[in-house]
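This report concerns only the one structure given below.
Numbering (my numbering), first residue to last: 3 to 278.
Given below as structure tokens:
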């Protein structure tokens with residue numbers, strides 16, 4: 003498990019490309035037959051990835067957590083961004099097709115990840131936050147959450163948002179999570195950009211061809227910076243940072259948040275003319 007410390011808005015003004023990537027980009031989440039994780043002090047979020055190829059992967063705890071099991075004090079949303087697979091939670095198996103989401107609540111003991119076919123392995127992306135109450139493990143199939151159509155082709159941000167874990171969907175303590183799919187010809191994942199000083203948000207970009215990249219905007223609105231992001235890489239966006247991006251080819255992304263509230267629309271928009 004990697005460790006990332008929190009950063010202050012004033013720090014980013016002096017960061018070069020290497021420092022930006024070191025603090026905010028998670029570029030090694032998925033490796034064959036192991037569970038990889040990054041712990042950030044931004045709202046104590048854990049990002050994890052599991053790609054079972056030769057056999058199942060069991061999720062244990064980590065020394066940084068100081069707990070006997072991973073879910074002793076935590077909850078998580080998990081979305082499959084690879085081939086078909088199964089997550090077994092305390093002996094109960096849940097089949098996840100590509101794009102499906104599984105919520106796991108506090109208090110679960112044993113979690114095992116497996117692929118239906120090692121030649122086309124699943125890739126399970128985990129977003130975890132601390133939890134004070136146990137909610138039931140719940141599976142949501144691809145596209146079965148609350149669906150919202152946003153944006154417009156004229157501004158290149160026409161997109162379908164699938165809300166899986168949220169105030170009016172699968173219940174959780176803190177985690178809010180879903181998948182956004184861009185329409186053909188649209189490249190902006192959200193514009194106008196926005197911040198929400200009450201929650202940290204993380205993006206995982208997927209379904210992006212190897213030769214393409216996402217340009218992810220972050221930083222303060224008047225001190226913007228950017229990251230160049232490849233397929234299956236994640237960005238940690240602190241609560242004070244704007245987040246918006248566009249790509250050189252078609253893509254989808256998992257968005258996930260944790261913090262003060264679970265209100266999806268609680269955001270402070272930044273108009274394009276205000277950006278610097």
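Ideal Cβ placement from N, Cα and C applies to all residues, glycine included. Since we're looking at a predicted model, the values are computed, not measured.
Could you give the distance in angstroms between the alpha-carbon of residue 91 and the alpha-carbon of residue 154?
40 Å
Distance, Cα to Cα, residue 203 vs residue 213?
26 Å
On the three-state DSSP scale, how would you describe residue 26?
helix
Figure out for me which residue from 197, 186, 170, 224 has the closest Cα to the Cα of residue 282.
The structure shown does not extend to residue 282, since the chain is modelled only from 3 through 278, so no value can be given for it.
Alpha carbon to alpha carbon, what distance is there between residue 232 and residue 22?
15 Å
Quick check on residue 245: buried or exposed, where buried means 16 or more other Cβ atoms within 10 Å of its Cβ?
buried
Would you call the region 106-114 and the region 75-93 in contact, with 3 or more CB pairs under 8 Å?
yes
Residue 239 - containing alpha helix (DSSP H), residue span:
If you look at residue 239, you'll find it isn't in any alpha helix (DSSP H); it sits in the beta strand (DSSP E) that goes 235-239.
When the Cβ atoms of the region 142-149 are set against those of the region 59-72, are three or more pairs found closer than 8 Å?
no
Quick check on this structure: which residue in 4, 229, 199 has the alpha carbon closest to the alpha carbon of residue 295?
Outside the modelled stretch of the chain, which goes from 3 to 278, sits residue 295, for which no answer is possible.
If contact is defined by three or more beta carbon pairs under 8 Å, each pair taking one atom from either stretch, is the region 6-18 in contact with the region 218-228?
The region 218-228, when compared against the region 6-18, does touch it at the 8 Å Cβ threshold.
My output table needs one value for residue 20: the three-state DSSP class, helix, strand or coil.
helix
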